[in-house]
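Colleague: Take this structure, written in structure tokens, and hold onto it; I'll ask about it next.
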Amino acid sequence: MRRRKVKFNWESAKKYLQEELNESAFNAWFANLDIEDIVDENVYFTVPNTFTENWISEHFMENLRSAIKKETGKNYTIHFLVKEKSGREKLEPMKHTVRIQDKRKTYLHDRYTFDNFVLGDNNKFAFAAATAVSNAPGREYNPLFIYGGVGLGKTHLLQATGNKVFVLYPNLCILYTQTEEFLNEMIKSIQEHTTVEFKKRYREIDLLLMDDIHFLARKERLQEEFFHTFNSLFEAKKQIVITSDRPPKDIPDLEERLISRFHWGLMVDLQPPDFETRLAILRAKTQEDDIHIDDGILKFIASNIESNIRELEGCLIKLLAHSSIYKTDIDINTAKKVLSDIIIKKDQRPTLESILKEVSEFYRISVDSIKGSGRSKSLANARQILIYLARELTDLSLKEIGDKLGGRDHSTVLYSHNKISQLIKKNVRLKEDIQRIKGGIRGVK
Ligand SMILES: Nc1ncnc2c1ncn2[C@@H]1O[C@H](COP(=O)(O)OP(=O)(O)OP(=O)(O)O)[C@@H](O)[C@H]1O
Ligand SMILES: [Mg+2]
102 MRRRKVKFNW ESAKKYLQEE LNESAFNAWF ANLDIEDIVD ENVYFTVPNT FTENWISEHF
162 MENLRSAIKK ETGKNYTIHF LVKEKSGREK LEPMKHTVRI QDKRKTYLHD RYTFDNFVLG
222 DNNKFAFAAA TAVSNAPGRE YNPLFIYGGV GLGKTHLLQA TGNKVFVLYP NLCILYTQTE
282 EFLNEMIKSI QEHTTVEFKK RYREIDLLLM DDIHFLARKE RLQEEFFHTF NSLFEAKKQI
342 VITSDRPPKD IPDLEERLIS RFHWGLMVDL QPPDFETRLA ILRAKTQEDD IHIDDGILKF
402 IASNIESNIR ELEGCLIKLL AHSSIYKTDI DINTAKKVLS DIIIKKDQRP TLESILKEVS
462 EFYRISVDSI KGSGRSKSLA NARQILIYLA RELTDLSLKE IGDKLGGRDH STVLYSHNKI
522 SQLIKKNVRL KEDIQRIKGG IRGVK
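For what it's worth, the working numbering labels the leading residue of the sequence shown as 102, then goes sequentially.
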């Protein structure tokens, strides 16, 4: 049979996909997808592995078909040719590695597994990528870069990856570490003149699980050291999995060469879970710990805590503590009372004015001064805390908050919110002050 080749413009078909899909899905699956051949009305895409083939087939087939149809006006049949990259053999342990690694030296915790990770639309992509990496570490997706907001399961997925690899490949050398810990070790090694050992330790790992890489922000020397560690592991075809609270390009002052390294692999994000997923997580946690909490209470929690899975868990822990101290079962009214400092019902959300009043009383600064343009340190501080609380406790947009505070622009609002969010993590005093102000806003000082 004579093969008649009809070309179409794949790059412009891709644009339809780009419009339709969110950025991370498009970048992960289609930005680098190439066509091997087009024969009659068959199009053959090359994909690096069956994981990619399956994922596109299961999740994006309709999008792909319709993008091609929009471009060509025809219904093409889609085929995938799996091309394993040459030179990327299965990950072999470093020569020195002992047969079975001591689990304690991996810094992995048994509580984080893929089995107890509840799936939803918000996280199934990241989950699938982490599972694929743990099934065949070092082959594809290197590095795997997982990013997402606070308490959305980054550490859980990272640790679960390590735990699975530990079971499947017990002879590989695995290390879980936080970027801050990497920094501390680096500093210690400089002080103690043991930098050679430090470098060696990190370069002899088969699977490096690096948590919270956003900590590299503005730390030149640390970035430099990590860059070399990364390169040496990468060149030795070792697997690296990284988490961050934001994508690489948004990490302040991150060197271009590191950003580009991170893009070599696969970038996946974790989004906040929807109501159904939040409820499923709560149900799973109660089952896991064999505790009974009424489903109505779980629904109440799931509908009020929207964007942080750690807070969902925090609610359960609080209820359990209450019930064990008072030796009572919990009904919905008790639950509402016990959780009142964590949960603010939407219809009871405070107004900006009530927050302003409370901040003004707490810091003994007049409302007008806070809203005004004075720049003293104490004024600026109170204003930033006000903005932080307005973002946290109301539904107002950045612009609305800015407008109500004497016409500040939205980037000022965003900056203030970020600044206080960061400071709270380090400054216990500030955290307590903010808790007190929140209590005041709710009338429970
Ligand atoms: N999909 C999920 N199913 C079950 N539990 C989850 C899920 N996602 C997160 N959790 C749980 O929520 C808690 C917070 O998750 P984790 O610590 O992994 O978040 P994180 O993204 O690393 O947060 P941070 O930015 O603060 O480091 C953990 O106890 C984790 O087990
Ligand atoms: Mg974490």
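Ideal Cβ placement from N, Cα and C applies to all residues, glycine included.
Owing to the predicted nature of the structure, the values given are computational and were not obtained by experimental measurement.
Which full runs of the beta strand (DSSP E) of 3+ residues lie inside the segment 132–158, going along the chain?
Modeller: For the beta strand (DSSP E) assignment, the uninterrupted runs of no fewer than 3 residues enclosed by the segment 132–158 are, from N- to C-terminal side, 135–140, 143–148.
Colleague: Do you know whose CA, among Asp203, Pro451, Leu308, lies nearest leucine 497's CA?
Modeller: Of Asp203, Pro451, Leu308, the residue nearest in Cα terms is Pro451.
Colleague: Within this structure, are the beta carbons of leucine 309 and isoleucine 341 separated by less than 8 angstroms?
Modeller: Leucine 309 places its beta carbon less than 8 angstroms from that of isoleucine 341.
Colleague: What number of angstroms, rounded off, separates the C-alpha of tyrosine 117 from the C-alpha of histidine 180?
Modeller: Each residue's CA atom was taken as its position, placing tyrosine 117 and histidine 180 some 19 angstroms apart.
Colleague: Can you check which of these residues, Asp312, Leu122, Leu453, Tyr277, is closest to aspartate 203 by C-alpha distance?
Modeller: By alpha-carbon distance to aspartate 203, the top candidate from Asp312, Leu122, Leu453, Tyr277 is Tyr277.
Colleague: Per DSSP, methionine 311 forms a beta bridge with which residues?
Modeller: Per DSSP, Thr278, Ile343.
Colleague: Using 8 angstroms as the Cβ pair cut-off and three pairs as the minimum, do the segment 377–391 and the segment 212–221 touch?
Modeller: Touching, yes, given that three or more Cβ pairs across the two stretches are closer than 8 angstroms.
Colleague: With a floor of 3 residues, list each beta strand (DSSP E) that falls wholly inside the segment 339–383, ordered by position along the chain.
Modeller: 340–345, 367–371
Colleague: Taking the C-alpha atoms as reference points, what is the distance between leucine 421 and alanine 126?
Modeller: 39 angstroms
Colleague: Measuring alpha carbon to alpha carbon, tell me which residue in His315, Gln260, Gly252 is nearest threonine 280.
Modeller: The residue with the shortest Cα to Cα distance from threonine 280 is His315.
Colleague: Indicate the three-state DSSP secondary structure (helix, strand or coil) for valine 219 in the structure shown.
Modeller: coil
Colleague: If you follow the alpha helix (DSSP H) that valine 529 is part of, which residue opens it and which one closes it?
Modeller: Valine 529: member of the alpha helix (DSSP H) spanning 529–542, first to last residue.
Colleague: Rounded to whole angstroms, how far is the Cβ of isoleucine 247 from the Cβ of cysteine 274, which I believe are closer than 8 angstroms?
Modeller: The C-beta distance from isoleucine 247 to cysteine 274 rounds to 21 angstroms, too long to fall under 8 angstroms, and the pair is not in contact.
Colleague: Enumerate in chain order the residues of its own chain whose CB-to-CB distance from lysine 508 is below 7 angstroms, with the five nearest sequence positions on each side excluded.
Modeller: According to the sequence as given, residue 508 is glycine; it is not lysine. Answer for glycine 508: no residue qualifies.
Colleague: Would you identify the three-state DSSP class for arginine 105, choosing helix, strand or coil?
Modeller: A caution first: arginine 105 carries a pLDDT of 47, below 50, which makes its placement in the model unreliable, though a value can still be read off. Coil at arginine 105, not helix or strand.
Colleague: Would you tell me roughly how many angstroms separate the C-alpha atoms of threonine 151 and glutamate 282, rounded to the nearest one?
Modeller: 36 angstroms
Colleague: Is the distance from the Cβ of isoleucine 443 to the Cβ of glycine 415 below 8 angstroms?
Modeller: Yes; because the gap between Cβ atoms is below 8 angstroms, this pair is in contact.
Colleague: For the putative contact between proline 349 and isoleucine 360, defined by C-beta atoms under 8 angstroms, what is the C-beta separation to the nearest angstrom?
Modeller: Taking 8 angstroms as the upper bound for CB-CB distance, proline 349 and isoleucine 360 are in contact here, some 4 angstroms apart.
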